[in-house]
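The numbering of the sequence shown is this note's numbering, which starts it at 355 and goes up by one.
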Amino acid sequence: MSKPVSRHLPQTQFPVVDDCLQVGGMPLTRLAARVGMTPFYAYDRRLLSERVQQLRAALPKEVRLHYSVKANPMPALVQHMAGLVDGCDVASGGELKVALDTPIRPADISFAGPAKTSAELEQAIAGGVLLTLESEREMEAVAAIGGRLGVRPQVLLRVNPDFEMKASGMKMGGGARQFGIDSERAPAVLRRIGALGLDFQGLQIFSGSQSLNASAIVEAESRTFELAFHLARHAPSAIRLLNIGGGFGIPYFPGEQPLDLMPISENLHQWMPLVNTTLPEAKVVIELGRYLVGEAGVYVTRVVDRKVSRGQVFLITDGGMNHQLAASGNLGQVIRKNYPVLVGNRVAIGEHEVVSVVGPLCTPLDVLAGKMEMPRADTGDFIVVLQSGAYGLTASPTGFLSHPLPGEVLV
Ligand SMILES: *Cc1c(COP(=O)(O)O)cnc(C)c1O
Numbered sequence: 355m356s357k358p359v360s361r362h363l364p365q366t367q368f369p370v371v372d373d374c375l376q377v378g379g380m381p382l383t384r385l386a387a388r389v390g391m392t393p394f395y396a397y398d399r400r401l402l403s404e405r406v407q408q409l410r411a412a413l414p415k416e417v418r419l420h421y422s423v424k425a426n427p428m429p430a431l432v433q434h435m436a437g438l439v440d441g442c443d444v445a446s447g448g449e450l451k452v453a454l455d456t457p458i459r460p461a462d463i464s465f466a467g468p469a470k471t472s473a474e475l476e477q478a479i480a481g482g483v484l485l486t487l488e489s490e491r492e493m494e495a496v497a498a499i500g501g502r503l504g505v506r507p508q509v510l511l512r513v514n515p516d517f518e519m520k521a522s523g524m525k526m527g528g529g530a531r532q533f534g535i536d537s538e539r540a541p542a543v544l545r546r547i548g549a550l551g552l553d554f555q556g557l558q559i560f561s562g563s564q565s566l567n568a569s570a571i572v573e574a575e576s577r578t579f580e581l582a583f584h585l586a587r588h589a590p591s592a593i594r595l596l597n598i599g600g601g602f603g604i605p606y607f608p609g610e611q612p613l614d615l616m617p618i619s620e621n622l623h624q625w626m627p628l629v630n631t632t633l634p635e636a637k638v639v640i641e642l643g644r645y646l647v648g649e650a651g652v653y654v655t656r657v658v659d660r661k662v663s664r665g666q667v668f669l670i671t672d673g674g675m676n677h678q679l680a681a682s683g684n685l686g687q688v689i690r691k692n693y694p695v696l697v698g699n700r701v702a703i704g705e706h707e708v709v710s711v712v713g714p715l716c717t718p719l720d721v722l723a724g725k726m727e728m729p730r731a732d733t734g735d736f737i738v739v740l741q742s743g744a745y746g747l748t749a750s751p752t753g754f755l756s757h758p759l760p761g762e763v764l765v
């Protein structure tokens, strides 16, 4: 018996008209002419806005949404997100600059990262943003810089919890980590924050990323609230902000199903009354990157050559892992699986064949789709990698083989 073939979910976010994908309300072929080059990334404003609206409809009204800029720091996109979310989280001086250029208030920007330099800390303190303290050394440095600048730094303590989000693509808490301060050490650090006269704002407890398992997220959120209640007793002042992390994933691979928000929503609705009485001043924040922007973006590349080698068809494109590393399977995957890939100007109609789509680099690692069935494509056709709105361009080794940078548009 052969096992059932698992497939990608059919894409529904981008309309298809006359067998051509529409991005930003425009046929892909015309968008390519507008951009003036391939390869390029395109992010669809309508999809970005709809995603935030749908999420807000599901979550308790008082839960705030922050955008994690590292998922996609394109300035125009961050500007667009700034009009939709309640704040954002940055992880470098470069991201901080992009965030400060938006209308988001500095007090609604938090700056995390385990190796912030003195220059970055100074920028953040002078800018009036919330510093997410990641170590005791950093806490002392922040107090010293604040003293020097004559500014009282606003700080969050990032806590490395004693649990992790189960079934998450990337575990970022629990066990030994380079992020944050171990929860058992946190009470002493909270007292020290008070002694140093830092303006304590609250806690950030982040336990995982890219989870499609609602019950794992529910469990992590519940344990996060319990930990926050425990730590609040040691805090130098009331918790005004409680960042419970995020971890909401999106489906990338065959067989994956979208995250079911219902259980997460019910769990948060159940917790909020107790949160409001236990931590009456706390704003609860969920921080999300890929869930907000990942499905709104495509990476578009053009077929330069079509080659048959010993019976296998290769479509060779003008961009690949140098621009879209994750789709090539080289960003943290153990077994390479295909992202959803399609022929943008021949989405469904015509004779189908099994092909491998490979990029222009001289390495066998440069694969965008391995042995996928798609309509027969030829030189000049557009290959589209879906689910490319997050961790795309800035998570890729663009210098590798010295090809030009791709275009990037918000449409
Ligand atoms: C990367 C990161 C995120 C965003 O993760 P996504 O999977 O893109 O939602 C959120 N919080 C912290 C602390 C992060 O490091």
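Quick reminder that beta carbons are idealized off the backbone N, C-alpha and C, glycines included.
So, are the CB atoms of residue i and residue j less than 8 Å apart?
| i | j | result |
| --- | --- | --- |
| G562 | A574 | yes |
| V496 | L646 | no |
| R512 | E488 | yes |
| S737 | V701 | Here residue 737 turns out to be Ile, not Ser, going by the sequence shown. Against a cut-off of 8 Å, the Cβ pair of V701 and I737 comes out as no contact. |
| Q678 | V739 | yes |
| A636 | L585 | no |
| S537 | N514 | yes |
| T748 | P427 | yes |
| V432 | V423 | yes |
| D672 | V658 | yes |
| G529 | Q564 | no |
| A680 | G743 | no |
| A412 | S619 | yes |
| V417 | L450 | no |
| Y745 | L685 | yes |
| A461 | Q508 | yes |
Please classify residue i: does DSSP put it in a helix, a strand, or coil?
| i | result |
| --- | --- |
| E416 | coil |
| F517 | coil |
| K691 | coil |
| P427 | coil |
| T383 | helix |
| E707 | strand |
| K725 | strand |
| M355 | Unreliable positioning characterises M355 in this predicted model, as indicated by a pLDDT of 48, which lies under 50. A coordinate reading is not provided. |
| S619 | helix |
| G447 | helix |
| R512 | strand |
| L759 | coil |
| E635 | coil |
| F368 | coil |
| V505 | coil |
| F394 | strand |
| M524 | strand |
Look at the alpha carbon of residue i and the alpha carbon of residue j, and state the distance between them as a whole number of angstroms.
| i | j | result |
| --- | --- | --- |
| G648 | A396 | 11 Å |
| H362 | L409 | 23 Å |
| G500 | N597 | 23 Å |
| E762 | N676 | 14 Å |
| E492 | I535 | 11 Å |
| A469 | D553 | 21 Å |
| H420 | S464 | 9 Å |
| V629 | N621 | 12 Å |
| F579 | G467 | 22 Å |
| T733 | D443 | 42 Å |
| T471 | F560 | 22 Å |
| G448 | I703 | 44 Å |
| S360 | A540 | 45 Å |
Which one or two residues does DSSP pair with residue i in a beta bridge?
| i | result |
| --- | --- |
| I593 | For I593, which the question treats as bridged, DSSP gives no partner whatsoever. |
| C374 | V371 |
| C442 | Y421 and I463 |
Can you round the beta-carbon distance between residue i and residue j to whole angstroms, since I take them to be within the 8 Å contact cut?
| i | j | result |
| --- | --- | --- |
| V697 | S710 | Incorrect: roughly 14 Å between the Cβ atoms, too far for contact. |
| M519 | A570 | 6 Å |
| A436 | V654 | Contact doesn't hold; Cβ gap of about 26 Å is too wide. |
| T486 | Q558 | 5 Å |
Would you say the beta carbon of residue i is closer than 7 Å to some non-hydrogen atom of ligand 3?
| i | result |
| --- | --- |
| G600 | This structure does not include ligand 3; its bound ligands are ligand 1. |
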